[in-house]
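Here the structure comes first, spelled out in structure tokens, and everything after it is commentary.
Chains as they are written, first to last, in the numbering used here: chain A, 1 to 283; chain B, 284 to 796.
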């Protein structure tokens, strides 16, 4: 008994203490989403009455068109995730398997440019898209189409880099065999490589989805109209420092918006941890 | 299955897809050129041509794979970076936002001064028999009526006119009125200065009213000199994006244009105390913030990993709870934390029974920022460290224990150095990431508290990137894209050297170098 205490007590103590730290804000936000009053004032840690008023508010108030925001987020994030993986996979395949001049230079450039944080180029992106707006408002500043294009461009570097790592880990014997059988590179890509890589592509796709879902600053700059906003921008603008009156609905909204992401994340845990050690940092 | 990617089907699909893309992009090119967006237009044009050449010929197989990626990469990553670097060499800010011809046009419009009495007339717009725009002016006060074109003014006797109920002339000989609907379709008439008396002219102020103005500024395109005909003052290009008065260079005409000032935005960072002093403060805090975050998240993560590094009851439950902060969308968690520290309604004050203004005190605000970032970041290092601890061979520890080392010595002399060696690239990556952790600062404190009364824009918790954002977008009255771009380039150099160092250590580069 004494030995058990000496060897294990501190482990449980540390784990429990940090678990409390990590659950503290989450528990409180769930608690306040179930309250009727608007504030986060916590009178007790145990809810006395449970009310879904905040949740119903979200689905009915024109001040916070939660479902529209949520749909926007899903549409934007899935468009970006699917297209960027589709485009990125082809580039990654070329960088990983094909031999061509300038390959080394290309990879180095990709690596270097990736270090230029996207937020820094934001004023340039702003000015460029403002100019695009003058002739094509649908894909210029203020439109979801424009935002998707910017996201797609921005995700290229990371995705190609990440996908290349995955592609490198897929054994090359199969596509070499296909080559010997007379298949062209394009055929090898579609018939051998893509079916093999589908699980990996799906994972990168979901990671890209999470990343886009989480993006705030470009979305804030682009999406000015209430009904065009993503969930992140919508809720941020909705709370807008007015914690007193809007806290309850915000709490409910942030929980609902987080659930799908948390589920995706937990189910992908194994892959994400592997990806982490490859040097990518989740934003 | 394989037939789909060979033969007719694939070819037809390719041609249809390429055709649609080409059509859309050609349309965009045309629109872009029509709006004089030549650079963007040319890019789309080149992209269209490249797509067609690559996919319709066999010039280059690799290009078939990465052309779309390259095009996106150039348009939205490389181009903005080049543009940022370029902007950093320009005076590019509110008041100096246009190009030079547009700015000159604006200056001339502002140079038009109304006459002393601010006279306005009722007018009707029409055309002369020679199809020239003309206005029929009713100077009711002086009982005078006349038709004016750009070049001449003809008085019309009252008897030949027709009037409406208000006594405004609506029809005259040699004058064909234009209907309001047609005027709304084409506003060319409103840009003309109609002749009045001497240097004065009538400018259109609405469909039915015109004011008397005099152009005080005249521009000589040959010498590039603007002259104020009323005061005799002359203005010349000061090569800093404005017309400045000769003999008194501080008197400038607005608006200005974006003008190349080369390295001035960079030298301002060091020479202008209004920029230098906050910048140094922000710079120091950024390093401290990123460094402390890496240390604290790594420390807590490692502690947890060590604690849970053996089979024990409840480990899976602990693990699931511990990675929750990492699984949550960070935007949501940051906003939740911001609400918790709200001074009036936040949970923290209500639990502690205090009423501390967390975000008003610089030191407290910084503490909150560090705490929240610890919460957000420790699960990452927990996951990493548990993986790496398992990768360290047990024999090493056992050997040390046999040699008589106590657990603390084993940790300090063996485990920690090995871990640091394995994880240093990730620690550096984490430093670089937090160096630019814009979302945290922007959403949690907004960079504040800020001494706005002193005209400061840099707050106590502002890191370089949020400060840069404030310079570019923070104050609608003074958006300084040039200065913001210069700081961006500076940050890039810092982050790139840190990351390069990290990558070199991680030996990723070895594969290519």
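Think of the CB as a built atom: it goes at the ideal place given N, C-alpha and C, for glycine as much as any other residue.
In three-state terms, what does DSSP make of residue i?
| i | result |
| --- | --- |
| residue 207 (chain A) | helix |
| residue 27 (chain A) | helix |
| residue 427 (chain B) | strand |
| residue 455 (chain B) | strand |
| residue 479 (chain B) | coil |
| residue 487 (chain B) | strand |
| residue 379 (chain B) | strand |
| residue 741 (chain B) | coil |
| residue 763 (chain B) | strand |
| residue 62 (chain A) | coil |
| residue 184 (chain A) | coil |
| residue 270 (chain A) | helix |
| residue 511 (chain B) | strand |
| residue 528 (chain B) | strand |
| residue 496 (chain B) | strand |
| residue 51 (chain A) | coil |
| residue 172 (chain A) | coil |
| residue 688 (chain B) | coil |
| residue 91 (chain A) | helix |
| residue 117 (chain A) | coil |
Assign residue i to buried or exposed, taking buried as 16 or more other Cβ atoms, counted over all protein chains shown, within 10 Å of its Cβ.
| i | result |
| --- | --- |
| residue 35 (chain A) | buried |
| residue 762 (chain B) | buried |
| residue 199 (chain A) | exposed |
| residue 370 (chain B) | buried |
| residue 16 (chain A) | exposed |
| residue 692 (chain B) | exposed |
| residue 299 (chain B) | exposed |
| residue 67 (chain A) | exposed |
| residue 775 (chain B) | buried |
| residue 97 (chain A) | buried |
Going by DSSP, name the residue or residues bridged to residue i.
| i | result |
| --- | --- |
| residue 408 (chain B) | B:418 |
| residue 543 (chain B) | B:373 |
| residue 446 (chain B) | B:452 |
| residue 436 (chain B) | B:431 |
| residue 403 (chain B) | B:494 |
| residue 460 (chain B) | B:409 |
| residue 501 (chain B) | B:510 |
Check for me: the alpha helix (DSSP H) holding residue i runs from which residue to which?
| i | result |
| --- | --- |
| residue 153 (chain A) | 144 to 169 |
| residue 650 (chain B) | 645 to 674 |
| residue 713 (chain B) | 699 to 718 |
| residue 466 (chain B) | 463 to 468 |
| residue 114 (chain A) | 103 to 114 |
| residue 236 (chain A) | 231 to 239 |
| residue 630 (chain B) | 630 to 635 |
| residue 324 (chain B) | 321 to 339 |
| residue 46 (chain A) | Note, residue 46 (chain A): premise wrong, no alpha helix (DSSP H); not H, not E. |
Over the uninterrupted beta strand (DSSP E) stretch that includes residue i, give me the two end residues.
| i | result |
| --- | --- |
| residue 519 (chain B) | 517 to 520 |
| residue 536 (chain B) | 531 to 536 |
| residue 345 (chain B) | No beta strand (DSSP E) contains residue 345 (chain B), which is instead part of the alpha helix (DSSP H) from 344 to 356. |
| residue 732 (chain B) | Taken as a continuous stretch (DSSP letters only), residue 732 (chain B) belongs to no beta strand (DSSP E), as it is neither H nor E. |
| residue 395 (chain B) | 395 to 397 |
Which chain A residues sit within Cβ distance under 7 Å of residue i?
| i | result |
| --- | --- |
| residue 320 (chain B) | 131, 134, 135 |
| residue 314 (chain B) | 135, 136 |
| residue 411 (chain B) | Under the 7 Å cutoff, chain A gives no residues; its nearest Cβ is about 35 Å from residue 411 (chain B). |
| residue 503 (chain B) | Residues of chain A passing the Cβ test: none, with the nearest at roughly 31 Å. |
Name the chain B residues that come within less than 8 Å of residue i, Cβ to Cβ?
| i | result |
| --- | --- |
| residue 236 (chain A) | 614, 618, 726 |
| residue 157 (chain A) | 356, 360 |
Kindly list, in the order they appear in chain B, the residues whose Cβ is closer than 9 Å to that of residue i.
| i | result |
| --- | --- |
| residue 8 (chain A) | 593, 595, 596 |
| residue 196 (chain A) | Near residue 196 (chain A) there are no residues of chain B at all, since even the closest Cβ is about 14 Å away, more than 9 Å. |
| residue 26 (chain A) | 607, 608, 611, 616, 619 |
| residue 113 (chain A) | 356, 360, 361, 364 |
Run through chain A and tell me which residues come within less than 8 Å of residue i, C-beta to C-beta.
| i | result |
| --- | --- |
| residue 382 (chain B) | By Cβ distance, chain A contributes nothing, its closest Cβ being about 12 Å from residue 382 (chain B), past 8 Å. |
| residue 774 (chain B) | 117, 120 |
| residue 317 (chain B) | 135 |
Since residue i meets chain B, which of its residues come closer than 7 Å, beta carbon to beta carbon?
| i | result |
| --- | --- |
| residue 11 (chain A) | 590, 591, 595 |
| residue 19 (chain A) | 601, 604, 605 |
| residue 254 (chain A) | 615, 618, 619 |
| residue 76 (chain A) | None at all; the shortest Cβ gap to chain B is about 14 Å. |
| residue 258 (chain A) | 611, 612, 615 |
Hey, would you say the C-beta of residue i is under 7 Å away from at least one heavy atom of the ligand FAD?
| i | result |
| --- | --- |
| residue 13 (chain A) | Summarising the ligand content, the structure contains no ligands, and the ligand FAD is consequently not present. |
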